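Colleague: Numbering (the working numbering), first residue to last: 3 to 77. Glycine included, each C-beta is placed from N, C-alpha and C at the ideal position. The structure presented is a predicted model; accordingly, all values stated were derived computationally and were not measured. One structure is given below, represented as structure tokens, and several questions about it will come after.
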């Protein structure tokens, strides 16, 4: 539990951003953080590139993503 600190989690804005991040060669760095996804399309794209998704928003909005991160952190 506990509150996540800056740098503990990362979220690409959408599937195309996530794909661009991976193709830009940052996959190794992304593997070291908990990836948070705004929805199933983004999660699928990350997983296609071998990146695990720690948190996926149930509501596909910024507020939904924040709520999912807070829920996952146990705060």
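1. Kindly indicate which three-state DSSP category residue 4 falls into: helix, strand or coil?
2. Within the continuous beta strand (DSSP E) that includes residue 74, where are the two ends?
3. Quick one: any contact between the segment 58-76 and the segment 35-46, if contact means 3 or more CB pairs under 8 Å?
4. Looking only at its chain, what residues have a beta carbon closer than 7 Å to the beta carbon of residue 7, apart from the 5 residues adjacent to it on each side?
5. Looking at residue 77: is its Cβ nearer than 8 Å to the Cβ of residue 56?
6. What residues are listed by DSSP as bridge partners for residue 58?
Modeller: So, from the listed chains and residues:
1. Model confidence at residue 4 stands at a pLDDT of 43, short of 50, so the residue's coordinates are unreliable and nothing is read from them.
2. Not the beta strand (DSSP E): residue 74 falls in the alpha helix (DSSP H), residues 64-75.
3. Counting Cβ pairs under 8 Å, three or more are found: they touch.
4. Confidence in residue 7 is poor, its pLDDT being 48 and thus under 50, which makes the residue's placement too unreliable to answer from.
5. No, the pair does not count as a contact, with Cβ atoms beyond the cut-off.
6. Paired residues: 39.
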